[in-house]
Amino acid sequence: MKKIIFLSLFLTAAAGQSQTINRVKLMGDIQTLSSEKYEGRKTGTPGNKLAADYIIKRLNDIGLSSYEKNYTHPFTFKTRQNEERQGNNLIGFVKGKSDKVIVISAHYDHVGVNGNDIYYGADDNASGVGALLAFAEYFQKNEPQHTLLFIAFDAEESGLRGASAFVKEPAVSKDKIILNINMDMIAHNDKGELYASGTYKNPYLKSIIEGEDKNTGIKILFGHDLPNTGSEDWTMQSDQGPFAKENIPFIYFGVEDHKDYHKPTDTFANINQDFYYGASTAILKSIIKVDKKLN
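Take the sequence shown: its position 132, counted from the start at 1, is 132 in the UniProt record's numbering, and no numbers get skipped.
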């Protein structure tokens with residue numbers, strides 16, 4: 001009997017542990033991607049290529065399936081200076097029980113170097129990529145209901161170009177995509193507040209994820225998605241925008257702007273590690289719930 005009880009307790013503990021995020025890996029990914037070596041990850045630069053190579057290796061190590069060699073989906077676009085540039089979206093997937101698709105995304109580019117200053121982009125948006133990799137690892141081990149696409153978008157800072165390229169020519173049939181969950185800046189907030197934007201037009205999503213911040217140490221707030229509120233409406237301010245244009249529902253997880261936004265001080269040292277871990281945990285719990293509840 002003791003052996004049976006011990007085995008039951010062990011299996012219960014193991015099941016609980018399987019739903020947690022590896023904090024060491026999470027912090028390692030954001031610290032690496034926001035380090036000096038990557039020179040701010042601006043699209044088209046050597047630092048951006050190094051970041052892509054790092055993410056590709058992590059996706060491969062996790063074991064995600066890919067549509068193209070090395071997960072790489074190139075696209076071209078014109079800059080604001082009318083220069084042609086190539087970007088590279090990185091796409092891996094976990095096949096679910098359904099062929100309906102949830103796209104989980106975060107952009108990996110940032111704004112690069114200005115003079116002698118490197119804009120490290122820890123919160124914006126190495127944080128989103130670190131969480132993306134953690135979620136990919138979780139679902140690789142825990143089969144989802146829906147097929148999940150994990151996309152590290154390029155050229156967000158150039159005008160949402162990577163997301164726009166994907167929506168124009170998606171790796172799957174567009175009518176299969178039922179939701180985009182996007183993360184952009186989830187590691188720096190002194191109030192412990194993380195916003196989930198996008199539920200105004202799709203209130204059923206709010207009803208699903210309410211309460212998933214419990215025991216995470218952070219608070220999920222809803223808002224920044226009311227029409228006709230100017231810059232307070234975040235709908236078109238990150239990579240969920242091109243999905244919204246196609247009437248694909250979205251949840252955008254992010255924080256309000258802070259003093260280090262788009263400054264050289266957006267470093268790993270200046271994020272709040274406890275908030276980042278709590279936010280990532282709350283988002284993962286939300287994704288698990290959404291995956292179970294959506295048809």
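Note that the Cβ used here is the ideal one computed from N, Cα and C, for glycine as well.
| Item | Value |
| --- | --- |
| Residues of its chain near K78, where Cβ-Cβ distance is below 7 Å and the 5 sequence neighbours each way are ignored | E84 |
| When L179, K49, N22 are compared against K201, the one with the closest alpha-carbon | L179 |
| Status (buried if at least 16 other CB within 10 Å, exposed otherwise) for V24 | exposed |
| Residues near P227 by beta carbon distance below 7 Å, same chain, minus five either side | D233 |
| For S207: DSSP bridge partner residues | For S207, which the question treats as bridged, DSSP gives no partner whatsoever. |
| Cβ pair E39, V129 closer than 9 Å | no |
| Counted within 10 angstroms of its Cβ, other Cβ atoms place H262 as buried (16 or more) or exposed | exposed |
| A282 in three-state terms, based on DSSP | helix |
| Sequence-distant residues of the same chain with beta carbon closer than 6 Å to K285, five excluded per side | E212 |
| Status (buried if at least 16 other CB within 10 Å, exposed otherwise) for Q81 | exposed |
| CB contact flag (D184, N89, <9 Å) | no |
| Among N182, A187, Y108, the one whose alpha carbon lies nearest that of L148 | N182 |
| Straight-line gap, K176 to N116 (C-alpha atoms, nearest Å) | 46 Å |
| Whole-Å CB distance - A152 paired with A106, under 8 Å assumed | 6 Å |
| Other residues of its chain near K95: CB distance less than 6 Å, five sequence neighbours each side excluded | T147 |
| Buried or exposed by the 16-neighbour rule on C-beta atoms within 10 Å, applied to L37 | This sequence places Lys at residue 37; Leu is not what is there. Answer is exposed; the Cβ neighbour count stays below 16. |
| At least 3 beta-carbon pairs within less than 8 Å: the region 278–293 vs the region 186–194 | yes |
| Backbone CA spacing between S8 and V101 [nearest angstrom] | Reliability of the predicted coordinates at S8 is poor, the pLDDT of 44 falling under 50, and the value obtained from them is presented with this limitation in mind. C-alpha separation (whole angstroms): 35 Å. |
| Selection from L294, K97, Q145, A163 that minimises the alpha carbon distance to G87 | A163 |
| Which of helix, strand or coil DSSP assigns to I248 | coil |
| C-alpha gap between I118 and V111, whole angstroms | 9 Å |
| Distance between N22 and R161 (C-alpha atoms, nearest Å) | 31 Å |
| Per-residue DSSP class, three states only, for residue 297 | Examination of residue 297 is not possible in this model, given that the chain is present from 1 through 295 alone. |
| Closest Cα partner of F253 within the set N272, D225, H73, F268 | D225 |
| Beta carbon of I104 nearer than 9 Å to that of F75 | no |
| N- and C-terminal bounds of the alpha helix (DSSP H) containing A27 | The sequence shown places Met at residue 27, rather than the Ala named in the question. M27 -> alpha helix (DSSP H) spans 23–33. |
| Integer-rounded CB distance, given that L59 should sit under 8 Å from G28 | Wrong, their Cβ atoms sit about 15 Å apart, outside the cutoff. |
| N142 - DSSP class collapsed to helix/strand/coil | coil |
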